[in-house]
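> Sharing a structure below in structure tokens format, with a few things to ask.
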Amino acid sequence: MIRPSTHPGEILLEEFVKPYNLTQKQLCEALGVGIKTISEIYNKKRGISPVMALKLANFFGTTPEFWLAAQNAYDLYYAYKLKKQEIDNVKKIA
0 MIRPSTHPGE ILLEEFVKPY NLTQKQLCEA LGVGIKTISE IYNKKRGISP VMALKLANFF
60 GTTPEFWLAA QNAYDLYYAY KLKKQEIDNV KKIA
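In this text, residue positions in the sequence shown follow numbering that gives the first Met the number 0: the first is 0, and each later residue adds one.
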């Protein structure tokens, strides 16, 4: 795990919201969520839940797996970074 994974909130903002010229309010209304929810996703304070992945996929014509894979990659990278020594101390059985 060399390069940090991009948070899905950054992907959402840079690759979807900005190209569609959406405001945060428009996105919130389309997804049926509050501004705080989207703000926290943008600012890496909240992850993409399965329900949010389904909403984003439906709205942007992607798949929920796309959003969950991005969240998973981000979570795995930072979990490893945070617990690297503990993880590396586990001896392989095979």
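Note that the Cβ used here is the ideal one computed from N, Cα and C, for glycine as well. These figures come from a predicted structure and were not determined experimentally.
Residue 1 by DSSP, collapsed to three states: which one?
Of the three classes helix, strand and coil, the one that applies to residue 1 here is coil, per DSSP.
> Are the segment 77-88 and the segment 41-48 in contact at 8 Å, needing three or more beta carbon pairs?
No, the segment 77-88 is not in contact with the segment 41-48.
> What are the start and end residues of the alpha helix (DSSP H) that includes residue 69?
Residues 63-87.
> Considering only residues of the segment 2-56, which uninterrupted alpha helix (DSSP H) runs meet the minimum length of 4 residues and lie entirely inside it, listed in chain order?
Taking only runs of at least 4 residues, the alpha helix (DSSP H) segments lying wholly in the segment 2-56 are 7-10, 23-30, 34-41.
> Taking 7 Å as the limit between beta carbons, can you name the residues of its chain near residue 15, skipping five residues before and five after?
The answer, listed in chain order, is 59.
> Rounded to whole angstroms, how far is the Cβ of residue 26 from the Cβ of residue 37, which I believe are closer than 8 Å?
Indeed they touch by this definition, with Cβ atoms about 6 Å apart.
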